[in-house]
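In this note's numbering, the protein residues as written are 443 to 855.
Beta carbons: idealized from backbone N, C-alpha and C, even for Gly.
A short worksheet on the structure shown next.
If you want it as structure tokens, here you go:
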């Protein structure tokens, strides 16, 4: 069957990703609360959050090359198994070292699922469908980010934080397992062309020297680091300011809802401002808001700040994807996207650990100042991003489906 004939597979993929992402979004704050209950300090919480990205850091590029040369679907159940197992076993662990290990397993599962799912959308969508289908895919992820923290906040609380956080992690593992129900026959038979037309492999160092690729990777790293540290450290801030876990869960979900709203209105914003201006403005505003979280604002003020921050952070990931795709050599775009994921995981590994060290020295609010500085640098990089080459500019809807059109319209991954 040719791409674009049936989108039932896309609906099933969105459902599966919503459950998988919801489980991870529920487990991340639960891991922080359970670590605190087991005696962890701010530094230990940062290290555990960083280990979530340590194993995937070395796996992104090999998995990306593998999906270029073969099927995508096998990575999906593997990812679900690792996510479910990592969540549940984190809840059963009774030591910080074990929690760090299972957090890494959870991160590897999430990476496997994301690479397989993104490759599946790219392969099974007609060129003119990429914007819409990738947009639906990312909204599915945001739905998981919306529901997960609320579910964690409902379950976590009371005098026995160790027990309730463990329960939340086990429930998250069960929620991830539900994704299996949507993965049956999700990939169409792979045409020989999809497997073999890879061309000459471009060296990684050449891709990284291409103008625009490092900047796009850094912007993506900064935005994802901001989201991760916010998820890991807002519970710590809540503990110090006397904010209940249920309220923290609502605040994190409010951030996710704002991200969904951002991606729904991104096409008109792009038409109004253009990619460079939109990235520059949103990263700059995000920097100011992150720094503002360090101040002891009331809960209603924190809610407004997180909604605005979620809207700003919703821009960075999809537009940095477009930046990398359009800047990379034509024969190495898949590898460039895998390098972007590697940069994301590097940020997820290093940023929480650095935040933990900063929090241990300067207080629990200090990591948000660090995030502000990181996003401010990203705003400057976005301002200097190269213009989109004329051959890569997406054509109007309804244009002929040439290969350059599909690769130039992947901003919604």
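Can you name, in chain order, every residue of its own chain whose Cβ lies under 7 Å from the Cβ of residue 475, other than the five neighbours on each side? 598, 603, 607, 677, 687
Is it the case that the Cβ atoms of residue 762 and residue 662 are separated by a distance below 7 Å? Cβ atoms of residue 762 and residue 662: closer than 7 Å.
May I have a chain-ordered list of the alpha helix (DSSP H) segments no shorter than 4 residues that lie completely inside the stretch 714-755? 717-735
Residues of its chain near residue 420, where Cβ-Cβ distance is below 8 Å and the 5 sequence neighbours each way are ignored: Because the chain in this structure spans residues 443 to 855, residue 420 falls outside the shown range and cannot be described.
Tell whether a beta-carbon distance below 7 Å holds between residue 701 and residue 503. no
Residue 591 beta carbon less than 7 Å from that of residue 471: yes
Leaving out five residues before and five after residue 666 in sequence, what residues of the same chain have Cβ atoms less than 6 Å from its Cβ? 786, 789
Please classify residue 697 as buried or exposed, where buried requires at least 16 other C-beta atoms within 10 Å of its C-beta. With 16 or more other Cβ atoms within 10 Å, it is buried.
Sub-7 Å separation of residue 541 and residue 490 beta-carbons: yes
Secondary structure at residue 606, three-state DSSP: helix, strand or coil? helix
If you draw a straight line from the C-alpha of residue 453 to the C-alpha of residue 760, how long is it? Cα to Cα, residue 453 sits roughly 20 Å from residue 760.
Kindly indicate the opening and closing residues of the alpha helix (DSSP H) around residue 675. 655-683
If you follow the alpha helix (DSSP H) that residue 601 is in, where does it begin and where does it stop? Element bounds for residue 601: n/a, residue is neither H nor E.
Do you know whose CA, among 473, 506, 507, lies nearest residue 492's CA? 473
Contact check, residue 748 vs residue 693, beta carbons under 7 Å: Going by C-beta atoms, residue 748 is nearer than 7 Å to residue 693.
Three-state secondary structure assigned by DSSP to residue 859: Because residue 859 is not part of the residues shown, which for the chain are 443 to 855, the question remains open.
If the criterion is Cβ atoms closer than 7 Å, does the pair residue 754 and residue 716 meet it? No, these two residues do not count as a Cβ contact at 7 Å.
State buried or exposed for residue 552, treating a residue as buried only when at least 16 other CB atoms are found within 10 Å of its CB. Result: buried.
Is it buried or exposed, residue 537, if we count other Cβ atoms within 10 angstroms and call 16 or more buried? exposed
Taking C-alpha atoms, which residue in 621, 532, 655 lies nearest to residue 609? Checked all of 621, 532, 655; the closest Cα to residue 609 is 532.
In this structure, does DSSP put residue 451 in helix, strand or coil? helix
Less than 7 Å between the beta carbons of residue 596 and residue 554, yes or no? no
Would you kindly work out how many angstroms separate the C-alpha atoms of residue 823 and residue 813, rounded to a whole number? Linking residue 823 to residue 813 through their CA atoms gives a straight-line distance of about 15 Å.
Over what stretch of residues does the alpha helix (DSSP H) that includes residue 628 continue unbroken? Neither: residue 628 is in no alpha helix (DSSP H) and is coded neither H nor E.
Candidates 544, 744, 518, of which the one nearest residue 530 by Cα: 544
Go ahead and pull the three-state DSSP assignment for residue 475. In the structure shown, residue 475 sits in a helix (DSSP, three-state: H, G or I).
If we ignore side chains and look at the alpha-carbon of each, how far apart do residue 644 and residue 560 end up? A direct Cα-to-Cα measurement between residue 644 and residue 560 gives close to 21 Å.
Classify residue 782 as buried or exposed, calling it buried when 16 or more other Cβ atoms lie within 10 Å of its own Cβ. buried
How is residue 865 classed by DSSP in three states: helix, strand or coil? Coverage of the chain is limited to positions 443 through 855, which leaves residue 865 absent and any answer about it impossible.
What is the rounded straight-line gap between the Cα of residue 455 and the Cα of residue 625? 7 Å
Please classify residue 786: does DSSP put it in a helix, a strand, or coil? helix
Could you check where the alpha helix (DSSP H) with residue 704 kicks off and where it finishes? Per DSSP, residue 704 belongs to the alpha helix (DSSP H) from 687-706.
Can you tell me where the alpha helix (DSSP H) holding residue 648 begins and where it ends? 646-651
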